[in-house]
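So the mapping is simple: the working numbering equals the position in the sequence shown, first residue as 1, plus 98.
Yeah, the Cβ is synthetic: ideal placement off N, Cα and C, and Gly gets one too.
Written below as structure tokens is the structure these notes are about.
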Amino acid sequence: MRQAARITWRALLGCLAGLVLLAGPALADRAEEIDRLIAALRFEETIEIMRDEGQRYGGEVGQEMLAEAELARWDAIVAQVYDPVTMQAKVTEGFAAALDGVDLAPLLAFFEGPGHEIVALELAARKSLLDPEIEAATEKLYDQMVRDGDVLVERVDVFIDDSDLIERNVTGALNANLVFYTGLADGGALDLPQDEMLADIWAQEEDMRKQTETWLRSFLVMAYQPLARSKLEAYIALYKSPVGRDLNRAFFAAYDGMYEDLSYKLGLAVALQMQGEDL
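Next up, the structure:
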């Protein structure tokens with residue numbers, strides 16, 4: 099009986115060893131696919147633009163909330179908060195986790211192929227919008243296209259609605275604001291009950307929605323203007339598909355997680371700076 103038990107355990111251990119050996123190459127292949135998709139989507143360049151956006155926003159926060167004497171080191175502190183290496187690591191981890199079990203082959207086929215141009219156009223447009231004058235001009239252009247009944251406006255609206263981009267972005271922004279308040283509170287700069295924090299955040303919802311709608315529509319129209327209609331329709335179709343919905347969900351899971359971390363750190367940094375301390 100004991101001999102049988104020993105044989106059974108040896109057999110089981112042998113099977114487990116085989117599974118480990120089989121899983122090793124599979125996990126390596128999966129990691130390679132994730133890396134390829136991240137490269138095709140140009141996450142590193144996206145993070146660089148988001149860092150520039152964040153540093154501008156952080157500067158505005160400092161001007162609004164800190165005394166002149168407290169601003170001396172603020173730019174360096176904001177740069178520390180918006181560290182691109184940390185941002186990239188957070189997004190990569192969240193993105194890979196959110197895509198667990200998703201077949202990446204159709205996404206790789208698209209973004210290593212026709213989607214390459216779309217990603218490039220989106221990055222160029224977003225980088226351009228860092229300039230306030232270009233942002234204002236883009237909003238005027240969008241308004242004119244609406245008045246002219248330009249078909250691109252309608253197709254962009256379809257893309258936005260299919261992916262629920264307005265609601266997802268507004269929700270992410272409100273959550274980021276909440277954790278900013280939490281950072282302020284944890285740093286001793288805000289003494290506000292949770293329900294009052296939430297009430298204050300929700301009071302921003304309407305204005306946040308209007309800003310999001312204006313920026314997002316102007317941005318996407320600017321990005322997709324040079325794009326052939328057939329490529330735009332293929333892009334819209336991708337995001338309507340199950341794998342496209344998985345990708346959209348993964349984007350928001352990854353980037354929302356990053357923004358919440360950044361917002362908390364920024365709130366905490368403001369609070370500590372008010373007390374003469376650094377992060």
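Contact belief for Gly270 with Asp354 at Cβ below 8 Å, rounded distance in angstroms: Contact holds; Cβ gap of about 4 Å.
Reference Ala326; option with closest CA among Leu263, Ala367, Leu250 and Glu304: Per the Cα distances, Leu250.
Contacting residues, own chain, Cβ-Cβ under 6 Å from Leu276 (five flanking each side not counted): Cβ contact annotation for Leu276 (same chain, cutoff 6 Å, sequence separation greater than five): Ile299, in chain order.
Runs of alpha helix (DSSP H) wholly within the region 118-167 (minimum 4 residues, chain order): Fully enclosed alpha helix (DSSP H) runs of 4 or longer: 141-163.
Whole-number beta carbon distance between Ala196 and Ala348, since they are thought to touch under 8 Å: Distance from Ala348 to Ala196 at the Cβ level is roughly 4 Å; contact confirmed, criterion being Cβ atoms closer than 8 Å.
Euclidean distance between Cα positions of Ala167 and Pro230: Taking the straight line joining both Cα atoms gives about 28 Å.
Neighbourhood of Thr236 by C-beta distance below 6 Å, restricted to the same chain and skipping five residues each side: Residues Ser316 and Met320 of the same chain have their beta carbon placed closer than 6 Å to that of Thr236, with the five preceding and five following residues left out of the count.
Those runs of the alpha helix (DSSP H) which lie wholly inside the region 274-347 and span at least 4 residues: The DSSP assignment places complete alpha helix (DSSP H) segments of no fewer than 4 residues inside the region 274-347 at 292-301, 303-322 and 327-338, in order along the chain.
Within 8 Å, strictly: CB atoms of Gly156 and Val176: It is a contact, given that the beta carbons lie within the stated cut-off.
Contact belief for Trp61 with Gln371 at Cβ below 8 Å, rounded distance in angstroms: Not covered by the structure: residue 61. The range shown for the chain is 99 to 377.
Gly213, enclosing alpha helix (DSSP H) - first and last residue: First-last of the alpha helix (DSSP H) with Gly213: Gly213 to Ser226.
Environment of Lys363 [buried if 16+ CB atoms lie within 10 Å]: Buried is the call here.
Closest residue to Trp313 among Asp255, Leu205 and Ala137 (Cα-Cα distance): With distances taken between Cα atoms, Trp313 lies closest to Asp255.
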